[in-house]
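Below is one structure, written out as structure tokens; the observations come after it.
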Amino acid sequence: MAASQIPQTVASHVPFADLCSTLERIQKSKDRAEKIKHFKEFLDSWRKFHDALHKNKKNVTDSFYPAMRLILPQLERERMAYGIKETMLAKLYIELLNLPREGKDALKLLNYRTPTGMHTDAGDFAVIAYFVLKPRCLQKGSLTIQQVNELLDSVASNNSAKRKDLVKKSLLQLITQSSALEQKWLIRMIIKDLKLGVSQQTIFSIFHNDAAELHNVTTDLEKVCRQLHDPSVGLSDISITLFSAFKPMLAAVADIERVEKDMKHQSFYIETKLDGERMQMHKDGEVYQYFSRNGYNYTDQFGASPQEGSLTPFIHNTFRKDVRVCILDGEMMAYNPNTQTFMQKGIKFDIKRMVEDSELQTCYCVFDVLMVNNKKLGRETLRKRHEILSSTFTPIQGRIEIVQKTQAHTKNEVVDALNEAIDKREEGIMVKHPLSIYKPDKRGEGWLKIKPEYVNGLMDELDILIVGGYWGKGLRGGMMSHFLCAVAEKPPPGERPSVFHTLCRVGSGYTMKELYDLGLKLAKHWKPFHKKSPPSSILCGTEKPEVYIEPCNSVIVQVKAAEVVPSEMYKTGSTLRFPRIEKIRDDKEWHECMTLGDLEQLRGRASGKLASKHLLVGADDEPREKRRKAAPRTKKIIGIIDHLRAPDLSNISKVSSVFEDVEFCVMSGMAGHPKPDLENRIAELGGYIVQNPGPDTYCVIAGSENIRVRNIISRDKHDVVKPEWLLECFRTKTCVPWQPRFMIHMCPSTKQHFAHEYDCYGDSYFVDTDLDQLKEVFSGMKSPSEHTAEDLASVIADLEYRYSWDHAPLNMFRRCTIYLDLYAVINDSSSKIEATRLAVTALELRFHGANVVSCLSEGVSHVIVGEDQRHVTDFKAFRRTLKKKFKILQEHWVTDSIDKCELQEENQYLL
1 MAASQIPQTV
11 ASHVPFADLC
21 STLERIQKSK
31 DRAEKIKHFK
41 EFLDSWRKFH
51 DALHKNKKNV
61 TDSFYPAMRL
71 ILPQLERERM
81 AYGIKETMLA
91 KLYIELLNLP
101 REGKDALKLL
111 NYRTPTGMHT
121 DAGDFAVIAY
131 FVLKPRCLQK
141 GSLTIQQVNE
151 LLDSVASNNS
161 AKRKDLVKKS
171 LLQLITQSSA
181 LEQKWLIRMI
191 IKDLKLGVSQ
201 QTIFSIFHND
211 AAELHNVTTD
221 LEKVCRQLHD
231 PSVGLSDISI
241 TLFSAFKPML
251 AAVADIERVE
261 KDMKHQSFYI
271 ETKLDGERMQ
281 MHKDGEVYQY
291 FSRNGYNYTD
301 QFGASPQEGS
311 LTPFIHNTFR
321 KDVRVCILDG
331 EMMAYNPNTQ
341 TFMQKGIKFD
351 IKRMVEDSEL
361 QTCYCVFDVL
371 MVNNKKLGRE
381 TLRKRHEILS
391 STFTPIQGRI
401 EIVQKTQAHT
411 KNEVVDALNE
421 AIDKREEGIM
431 VKHPLSIYKP
441 DKRGEGWLKI
451 KPEYVNGLMD
461 ELDILIVGGY
471 WGKGLRGGMM
481 SHFLCAVAEK
491 PPPGERPSVF
501 HTLCRVGSGY
511 TMKELYDLGL
521 KLAKHWKPFH
531 KKSPPSSILC
541 GTEKPEVYIE
551 PCNSVIVQVK
561 AAEVVPSEMY
571 KTGSTLRFPR
581 IEKIRDDKEW
591 HECMTLGDLE
601 QLRGRASGKL
611 ASKHLLVGAD
621 DEPREKRRKA
631 APRTKKIIGI
641 IDHLRAPDLS
651 NISKVSSVFE
661 DVEFCVMSGM
671 AGHPKPDLEN
681 RIAELGGYIV
691 QNPGPDTYCV
701 IAGSENIRVR
711 NIISRDKHDV
721 VKPEWLLECF
731 RTKTCVPWQP
741 RFMIHMCPST
751 KQHFAHEYDC
761 YGDSYFVDTD
771 LDQLKEVFSG
781 MKSPSEHTAE
791 DLASVIADLE
801 YRYSWDHAPL
811 NMFRRCTIYL
821 DLYAVINDSS
831 SKIEATRLAV
841 TALELRFHGA
851 NVVSCLSEGV
861 SHVIVGEDQR
871 HVTDFKAFRR
881 TLKKKFKILQ
891 EHWVTDSIDK
901 CELQEENQYL
911 L
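In the UniProt record's numbering, the protein residues as written are 1 to 911.
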């Protein structure tokens, strides 16, 4: 296109320097009205120039968007994903300006959060950079707003494509053609925090009265700027539209005492609050799109059509034939088909990145519908929307489900529902008014949420020690804003702990005054943390502090959190989810903090959930807001879940010392021998009872495998034994040695012991058997006709492993059940050469121990494909129907493994 034909835009004429000077004036203005005036002047001049530039032209797409996306960069997270933080910019400036690495200015940039005493801008990298750049840069830059946008778009696209050299090139262009003031604002745009002192809502309201509402239902800043360019023209119907992400309706935190009043003393719905990812689904025939609550597009993950993705292929046929178009709102969950339970988000998985061959499967739990065919439903009542939702699709367990609503009328029913959620280890409950309409981005318009952590007294609180700190930014600049906390290794009796293991980083829950007072208390004790020579008393994971404090100089903080979850970032191997500081424990000495053993007990209890108590009806509950320095609570009554309450063994007389000082955890009994009966008998023999297994628990007794037992088994730290073993001990009044028939689950050490004592059928190598035991052993054996080739291969593989033959080249594929595309090729009869080569590969696989099958079915571990890859899509479609997923690999995986005499890493051969 010739230069004269390129569409002229306002952004191609307006210098970036003009925008920066406007932003500078807005920031420096103390008065809100003055800030608004400066922005309005810039906006009005833009619109005036726009009208002159495009006079008498129709369908003009030019708008204020190029400037607006720079003023509100936080709204353009997908388009402006730079992957750049302050440290990277600091290193780039040091390189570009050729600053000495240990020089004053280089250290200022690298340690921008560390207060220097010279100025009060610690934590504000843009200001620090401005003073470093001012004597070294142009007085005025030459870039227009359009050129800045083009270069920033180039940074974002190259960052997405992981082309770091091109990212650096675009940044260098921006830096070398901008003044120090322009770079100050460029940095803030890249970091997405302009610090203007004026809200996004205010910017929208100045631009157009309908701007905020249109953005709520589209999350498209460009559409807002184009459709609302003329402030005198309003939008008569602003509503949710197909394939346009909207900001979902949100719930406010409920005060249980006010629930009936908030629900206008009418009946209401109670739902389970799901712990997944909020997701909206848009469907038009066979075209699907998925958006997160922040407007990110996750269609590639979940599936744009019934032929792809981790969800769409499984739910497409559930929709009624007459439902072509719909928009659903719900929670994307990870479902475990083996336990038939939903996974909690704190456990290590990301629903937005789950692969097809994961053991977990994606499940969409729907709680609202916003459109069906051509009818928009946002203004319908929740009751009506729920009726429509029920007739939109047929739920399938573990794939697409409707979140069930229970109708309630009283506060007592809310309390009961919350207690039930605690028992089930759920996140909490939702309370919704049946007559509420759907209001995008509105919070609490008839929707309330209640979590155990919002109610005082229901959560276990942790007393942990501050061992590290991080300098703050923004309002917290120049002070410690976040703290690294740890628990103690249990010391020898009579001594104080000397080694601490990091647990979490916490930076919320306190007021600015509390933070300031704590800072003053600890200020003289902070020391720089050097990664190469860390303090011996503080053991860290991958998370390291900027400064540390010797434990003896520190303080204990009482922290509240939702649950204990696994994490490799901290030395304990776990961390706290949603931690916040409740108070400083001035009444405790530093050495009285929680120990590793205490933490392990919390992890073992209730799957790591820290809500273990019930709220009793009639309790005088405090509101969610912390009452600081309040009088002691005397009316609060907190109950404990029945299965966590310790048994009353005060009336039990000890009759024997068989179980002297042995700790048991009885989860459940059996027919004729309930849990309390077993606990009483254990106490009679000198043992004692805990309700949650800890590091000193001898074993867990379980008559049935409920969810608590399955969680204990999954942690693989305790032996789980049948009650029959206890009955045998009671009968003989001796501690009967365990036998395989007593075991539900064995921890690794017990398993290793049993491997030396018993064969795989449970027959002892050393102890004589009797007739009954022999019958039991035989009953567990398969007849020869029941053994499959896969069984035999597994037996042979175990023998090879036992006698250290498993690394022999001829055994390398022993544990693989392989299907070759050879059979598809033969049936296709399109390539005899391909078929011949794959047939040879099949022989080589068999020669090297593989079980090669001619039928693709459940149990296949690998599918091998040659040069003809036409059937890969069919294989993937079939794989979605299986519980155990196979891997699809190129033929080179086989040949390379054989050439190198060992199995090669599979990921590089995946199709």
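C-beta: ideal position from N, C-alpha, C; glycine also.
All values derive from a computational prediction rather than experimental measurement.
Item: Check whether F42 and S178 have beta carbons under 9 Å apart; Value: no
Item: Terminal residues of the alpha helix (DSSP H) in which P748 lies; Value: 748 to 757
Item: Per-residue DSSP class, three states only, for S537; Value: coil
Item: Any 3 or more C-beta pairs closer than 8 Å across the segment 121 to 133 and the segment 158 to 172; Value: no
Item: Exposure of H862, with buried meaning 16 or more beta-carbon neighbours within 10 Å; Value: buried
Item: Residue burial classification, D621 (beta-carbon count within 10 angstroms, cutoff 16); Value: Only weak support exists for where D621 lies, its pLDDT of 45 falling under 50; the coordinates are left without a value.
Item: Residue-level contact to chain C via CB, N59, 9 Å cutoff; Value: No chain C is present in this structure, which holds just one protein chain.
Item: Beta strand (DSSP E) segments (min. 3 residues) lying fully within the segment 118 to 152; Value: none
Item: Boundaries (first-last residue) of the beta strand (DSSP E) holding L889; Value: 887 to 890
Item: Between the CA atoms of P440 and K261 - distance to the nearest angstrom; Value: 24 Å
Item: Any 3 or more C-beta pairs closer than 8 Å across the segment 579 to 590 and the segment 475 to 482; Value: no
Item: Bounding residues of the beta strand (DSSP E) (the contiguous stretch that carries C363); Value: 361 to 372
Item: Validate contact between the segment 498 to 507 and the segment 568 to 579 using beta carbons, cut 8 Å, 3 pairs; Value: yes
Item: Residue range of the alpha helix (DSSP H) that includes G330; Value: Counting along the chain, G330 falls outside any alpha helix (DSSP H), though it belongs to the beta strand (DSSP E) covering 325 to 336.
Item: Bridge-paired residues (DSSP) for S574; Value: P566
Item: Meets three-Cβ-pair contact criterion under 8 Å: the segment 459 to 476 and the segment 553 to 562; Value: yes
Item: Same chain only: Cβ atoms within 7 Å of L109, ignoring 5 sequence neighbours per side; Value: A90, Y93, I94, I128, A129, V132
Item: Proximity of R278 and G330 at Cβ, strictly below 9 Å; Value: yes
Item: Beta-carbon proximity check, I327 vs L370, cutoff 9 Å; Value: yes
Item: Meets three-Cβ-pair contact criterion under 8 Å: the segment 451 to 460 and the segment 390 to 410; Value: no
Item: Cβ-Cβ separation, K609 to R425 (assumed contact under 8 Å), whole Å; Value: 5 Å
Item: Backbone CA spacing between E679 and K717 [nearest angstrom]; Value: 22 Å
Item: Beta-bridge pairing of S244 - partner residues as DSSP gives them; Value: The partner list for S244 (beta bridge, DSSP) is empty, contrary to what the question assumes.
Item: Straight-line Cα distance separating V547 from T299; Value: 42 Å
Item: Check whether G703 and M746 have beta carbons under 9 Å apart; Value: no
Item: From V414, D322, L418, residue whose alpha carbon lies closest to that of T394; Value: D322
Item: Through-space distance from K613 to K30, alpha-carbon basis; Value: 49 Å
Item: DSSP state of T87 mapped onto helix, strand, coil; Value: helix
Item: Coil, strand or helix - C735 by DSSP; Value: coil
Item: Pair within 9 Å by beta-carbon distance, C20 and E271; Value: no
Item: In DSSP terms, what F319 is bridged to; Value: F393
Item: Minimum C-alpha distance to L856 - residue among T836, T817, T218; Value: T817
Item: Beta carbon of G234 nearer than 9 Å to that of N216; Value: no
Item: Given 8 Å, three or more beta-carbon pairs between the segment 447 to 458 and the segment 414 to 423; Value: yes
Item: Cβ contact check for the segment 752 to 761 and the segment 712 to 731: 3 or more pairs under 8 Å; Value: no
Item: Environment of G474 [buried if 16+ CB atoms lie within 10 Å]; Value: exposed
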